[in-house]
Amino acid sequence: MCDCLIGIVLSILILSHIILLISGIKLYSVKTGSMEPEIHQGSLVYVKTYKTKDDIYDNIDVGSDITYSTNNKIFVTHRVISLSEENGTLQTQGIIDNAAIEDISYTQVVGKVVFVIPLLGYVVLLLQSWYIWTILILTVVIVFIFKLLLKELRK
152 MCDCLIGIVL SILILSHIIL LISGIKLYSV KTGSMEPEIH QGSLVYVKTY
202 KTKDDIYDNI DVGSDITYST NNKIFVTHRV ISLSEENGTL QTQGIIDNAA
252 IEDISYTQVV GKVVFVIPLL GYVVLLLQSW YIWTILILTV VIVFIFKLLL
302 KELRK
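In the working numbering, the protein residues as written are 152 to 306.
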């Protein structure tokens, strides 16, 4: 019963992730509090991706929360405070008091935040670390061996 339930839950998670990828939604974990109190540190943000300059300027307005990539390939989620289609730039800012204003190019924009789940980003961050996967795999192997040993001892 328990094995079947785990299989069903994993299947649903994998299927939903595939559907999100096909629909152009990417998931990002919020690592800082720059968007507090609206988007909390540790939240999981669902970001609708845009590929072209026209898509970006057609779908993103002043006040939109966006995710973009820095020159160091770090992903940041901030609010758009101004945009200039002629220059191909946007200005973003975290909403926490006195957050720095950042000028970015439209080419850095990943997309617009469409949905937020508080705290779930912490789970994603944990699952992205290799030592958590090592512990999970070792736990599964140990449980499997333990089940086999119990089965043999009962014979």
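Cβ atoms here follow ideal geometry from the backbone N, Cα and C, with glycine treated the same way.
Contacting residues, own chain, Cβ-Cβ under 6 Å from residue 204 (five flanking each side not counted):
The residue you call residue 204 lines up with position 53 of the sequence shown. The answer, listed in chain order, is 257.
With a cut-off of 8 Å, do at least 3 Cβ pairs link the region 236-249 to the region 205-221?
yes
Would you mind reading off the limits of the alpha helix (DSSP H) that contains residue 292?
As a first step, residue 292 must be located in the sequence shown, where it is residue number 141. Secondary structure note for residue 292: its alpha helix (DSSP H) is the uninterrupted segment 281-305.
Kindly indicate which three-state DSSP category residue 219 falls into: helix, strand or coil?
Against the sequence shown, residue 219 aligns to sequence position 68. Per DSSP, reduced to three states, the secondary structure at residue 219 is strand.
Does residue 230 pass the burial test, meaning 16 or more other C-beta atoms within 10 Å, or should it be called exposed?
Along the sequence shown, one-based indexing puts residue 230 at 79. Its Cβ being crowded by 16 or more others within 10 Å, residue 230 is buried.
Report yes if the C-beta distance between residue 177 and residue 261 is below 9 Å; otherwise report no.
Start at 1 with the first residue of the sequence shown, and residue 177 comes out as number 26. Start at 1 with the first residue of the sequence shown, and residue 261 comes out as number 110. In contact: residue 177 and residue 261 (Cβ atoms closer than 9 Å).
Decide yes or no for the touch test of the region 263-278 against the region 187-201: beta carbon pairs closer than 8 Å, at least 3 of them.
yes
Determine the direct distance from the alpha carbon of residue 306 to that of residue 169, and round the result to whole angstroms.
Stepping through the sequence shown from its first residue, residue 169 is reached at position 18. Stepping through the sequence shown from its first residue, residue 306 is reached at position 155. Spanning the alpha carbons of residue 169 and residue 306 requires a straight line of approximately 43 Å.
Please name the residue in 181, 288, 185, 234 whose C-alpha comes closest to that of residue 207.
Indexing the sequence shown from 1 puts residue 207 at position 56. Looking at the Cα atoms, 234 is the closest of the given residues.
Per DSSP, cross-strand counterpart(s) of residue 228
If you number the sequence shown from 1, residue 228 lands on position 77. DSSP, once it has assigned bridges, lists 218 as partnering residue 228.
Buried or exposed: which applies to residue 202, given that a residue is buried once 16 or more other Cβ atoms fall within 10 Å of its Cβ?
Taking the first residue of the sequence shown as position 1, residue 202 is located at position 51. Exposed is the call here.
Once you ignore the five residues that flank residue 199 on each side, which residues in its own chain have a CB closer than 7 Å to its CB?
Counting from one through the sequence shown, the residue named residue 199 turns up at place 48. So the qualifying residues of the chain are 175, 176, 262, 263, 265.
At which residues does the beta strand (DSSP E) containing residue 255 begin and terminate?
Taking the first residue of the sequence shown as position 1, residue 255 is located at position 104. Run containing residue 255: 252-256, per the beta strand (DSSP E) assignment.
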